[in-house]
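In what follows, a single structure is set out as structure tokens and then discussed.
Protein chains: 2
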Amino acid sequence: MSESYYVIGVDMGGTNTAIGIVDARGRIFYRSKISTTDYSSGEEYAEALGAAINDLAANVKSKIKGIGMGVPNGNMNNGTIEKAANIPWAKTVTVPLAAMITSKTGFPCKLTNDANAAALGEMIYGSAKGMKDFIVITLGTGLGSGIVSNGQLVVGHDGFAGELGHVTIIRHNGRTCGCGRTGCLETYASATGVARTARELLELNPAKKSTLREIVYRPVTSEDVFEAAKKGDAIALETFDFTGKILGEALSDFVACTSPQAIILFGGLAHSGDFLLKPLQEAMDNQILNVFKGKTKIIISQLNNAEAAILGASALAWEE
Amino acid sequence: MSESYYVIGVDMGGTNTAIGIVDARGRIFYRSKISTTDYSSGEEYAEALGAAINDLAANVKSKIKGIGMGVPNGNMNNGTIEKAANIPWAKTVTVPLAAMITSKTGFPCKLTNDANAAALGEMIYGSAKGMKDFIVITLGTGLGSGIVSNGQLVVGHDGFAGELGHVTIIRHNGRTCGCGRTGCLETYASATGVARTARELLELNPAKKSTLREIVYRPVTSEDVFEAAKKGDAIALETFDFTGKILGEALSDFVACTSPQAIILFGGLAHSGDFLLKPLQEAMDNQILNVFKGKTKIIISQLNNAEAAILGASALAWEE
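Protein chains in written order, with our numbering: chain P, 4 to 323; chain V, 4 to 323.
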């Protein structure tokens, strides 16, 4: 390591928390991890994380610019993790995690949620380099989003903006969502949504042959649907057509809102190739307001999936 | 006029262009106007507007910070008016109006569309003073919007962001919109949309009594519906219930996107009182994602309607 500066990226997952030291070109030099859940309080977790960071950074302490964290229900405005359903020590409380980590390590610390971290990662290391207006859509179990406008994350007055997965896309008889409402975009456009669509189509078309019917000991997953689509399975292809169309229509609305130069799709489902992209692009071309036609590129994230979460989080620390 | 600085606000309407000199507290000192349409080219219009500005500013020239203009299809990124359907000399071309006005007057000049100007007006002189995240919705013939995030207008990569009137709110069998698509929010939530809803309800409920049926020599307007609602007319009340519900559902989606501290409603229809506000707030309370519940205030613009357009435009000039 030479004259340059480094940042520390922390990716808090539901099981483990991964830590990495990252340079300005997005290379991860040192890594470490701790459990996310083995603690009875936020204070205990912060103690363990602070110690792990201090160990990892011991040799390059003077060159560290700061720490960036991607955490579930992270509030960037005030550096807290708020009522995160899957984190035992933060389930019902608000923990001022950024301030706690600063006090353990001496480094400035910022945090935000995973999708916002992904957006910063794309801007600093990925496909959105040099862009000032873009949206990252993460297609995982749910649909997350990070919106960048004028070169800045849109976090809103309360720090929670960018919940595009919970825009209502089907207003009547929509699918039930984990949020307690119905018709949310993520109940259709996500790995879970794809599996749900396939299962619905199988049930609604009992006469249609599909290799997906052979999966009987466990629920059909989005990976099953992708594999079946590659073999030309009609139900699988119809599933992707439906998903792409719904997502394309939703993206047209998002373009009318913030007019991004690009929308970057991130996560496993984004790598479904033309099965997803073709109907998505078709729906956008049909549906988008004239003034925006052909202007917004759809890009598949090129960031290494395994590293993206640490990189995205670390990007926050360059933001000072 | 004392030591302080002034800006010039220019409001380009479909018929006339109004000009005003404005102080930092939003008081308009001098006014003037020219025709918008009596010219055969953008150059001729710029010549006339430049001359009118120079006349008006003659006595305070050294105290003018700059010119802000609100123009139809104004592109803030590059200071142009682009293919504005209702402006004869800009119908099919792109005119670099801001640069032309600077060359005629010597003052820096910025322009944007009416709804963005309204948003800046609210931020600098109106209900959004001190807010960094809010949305202004203008309810006129159509529905316009200006989105502010992190204290900056969201204009997007091409300068045309904030077309919330053209978000699709009814996906199947939606109303035909002037933009050539169907189901756009502004076909329901606008003065035109209210009149359209009332006419539909009258037709669909032939047995229901309504004073609106007495209007036979001209089409029913949104003002007619408001007057009838005040007298308890069932069709008129149902019209506002329907409009408020649709707008409230749309606003819930917009909150999920940029999480504004407030949404400010502007324009004649915004002054329909509880007829509109009650069903709107009810729909928002029912529909909004839990994390945003009760956080975003709905505010009716308090800016004097006659002055707001000049004030909003002038606000651009403080932005340097």
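Where a beta carbon is used, it is the ideal one built from N, C-alpha and C, also for glycine.
Item, Value
"What first and last residue would you give for the alpha helix (DSSP H) that runs through R199/V?", "194-207"
"Relative to the C-alpha of G177/V, which residue among A192/V, A320/V, A164/V is closest?", "A192/V"
"Which class does G247/P belong to by DSSP, given the choice of helix, strand or coil?", "helix"
"Report yes or no: is there a C-beta of chain P within less than 8 Å of the C-beta of P282/V?", "no"
"Indicate whether G69/P and C112/P have their beta-carbon atoms separated by less than 8 Å.", "yes"
"So that I know if they touch, is there some Cβ in chain P lying closer than 8 Å to that of A192/V?", "no"
"Answer yes if the region 244-263 of chain V comes into contact with the region 305-322 of chain V, meaning at least three C-beta pairs across the two stretches below 8 Å, and no otherwise.", "no"
"CB-CB under 7 Å to G124/P, same chain, minus the five flanking residues each way: which ones, in chain order?", "L306, A311, L314, G315, A318"
"For E322/P, which three-state DSSP category applies?", "coil"
"Using a threshold of 8 Å, state whether the C-beta atoms of A259/P and V157/V are closer than that.", "no"
"Residues in the same chain with beta-carbon distance under 7 Å from D227/V, minus the five sequence neighbours each way, listed in chain order, please.", "L215, I218"
"Under three-state DSSP, which class holds V228/P?", "helix"
"Does the region 91-103 of chain P come close enough to the region 25-40 of chain V that 3 or more CB-CB pairs lie under 8 Å?", "no"
"Would V294/P and F163/V be called neighbours here (beta carbons separated by less than 8 Å)?", "yes"
"Suppose contacts are defined by Cβ-Cβ distances below 8 Å. Is L292/V in contact with L250/V by that definition?", "no"
"Below 8 Å on the Cβ atoms is my contact criterion, and I expect L254/V with M287/V to pass it. Report the Cβ-Cβ distance as a whole number of Å.", "6 Å"
"With 8 Å set as the bound, which would you pick, yes or no: does the beta-carbon of F245/V sit closer than that to a beta-carbon of chain P?", "no"
"If we call anything under 8 Å between Cβ atoms a contact, is A194/V one with T115/V?", "no"
"If I measure Cβ to Cβ from G42/V and keep anything under 6 Å in the same chain, skipping five residues before and after, which residues do I get?", "Residue identity differs from the one stated: residue 42/V is Tyr in this sequence, not Gly. Once the five neighbours on either side are set aside, the close Cβ partners of Y42/V are Y48, W92."
"Using a Cβ-Cβ cut-off of 8 Å, state whether V10/P counts as contacting chain V.", "no"
"Assign M15/V to one of three DSSP states: helix, strand, or coil.", "strand"
"Could you name the residues of the region 161-172 of chain V whose beta carbon sits closer than 9 Å to any beta carbon of chain P, in the order they occur along the chain?", "D161, G162, F163, A164, G165, E166, L167, G168, H169, V170, T171, I172"
"In whole angstroms, what separates the C-alpha of A118/V from that of A231/V?", "29 Å"
"Does the beta-carbon distance from L142/P to L268/P come in below 8 Å?", "yes"
"Against chain P, does E285/V count as a neighbour if the rule is that its beta carbon must be under 8 Å from one of theirs?", "no"
"Grab me the residues of L205/V's own chain with a C-beta within less than 7 Å of its C-beta, minus the 5 sequence neighbours each way, in chain order.", "S213, L215, R216, I238"
"State the start and end residues of the unbroken beta strand (DSSP E) segment that holds I84/V.", "83-85"
"How far does the alpha helix (DSSP H) with I301/V in it reach, from first residue to last?", "Element bounds for I301/V: not the alpha helix (DSSP H) but the beta strand (DSSP E), 300-303."
"So for V98/V, helix, strand or coil by DSSP?", "strand"
"Leaving out the 5 sequence neighbours to the left and right, which residues in its chain are closer than 7 Å to G53/V when beta-carbon positions are compared?", "I104, K107, T108"
"Flag L292/P as yes if its beta-carbon sits less than 8 Å from any beta-carbon of chain V, otherwise no.", "yes"
"For a test of the three-state rule: what should DSSP assign to K135/P, helix, strand or coil?", "coil"
"How is the beta strand (DSSP E) around F269/V delimited, first residue to last?", "265-269"
"Provide the residue(s) that pair with I313/P in DSSP beta bridges, ordered along the chain.", "BP columns for I313/P are empty, so no partner."
"Determine the direct distance from the alpha carbon of A198/P to that of A56/P, and round the result to whole angstroms.", "Checking the sequence, you will find Ile at residue 56/P rather than Ala. Going by the C-alpha atoms only, they are around 39 Å apart."
"In the DSSP assignment, find the alpha helix (DSSP H) that holds F278/V and state where it starts and stops.", "277-290"
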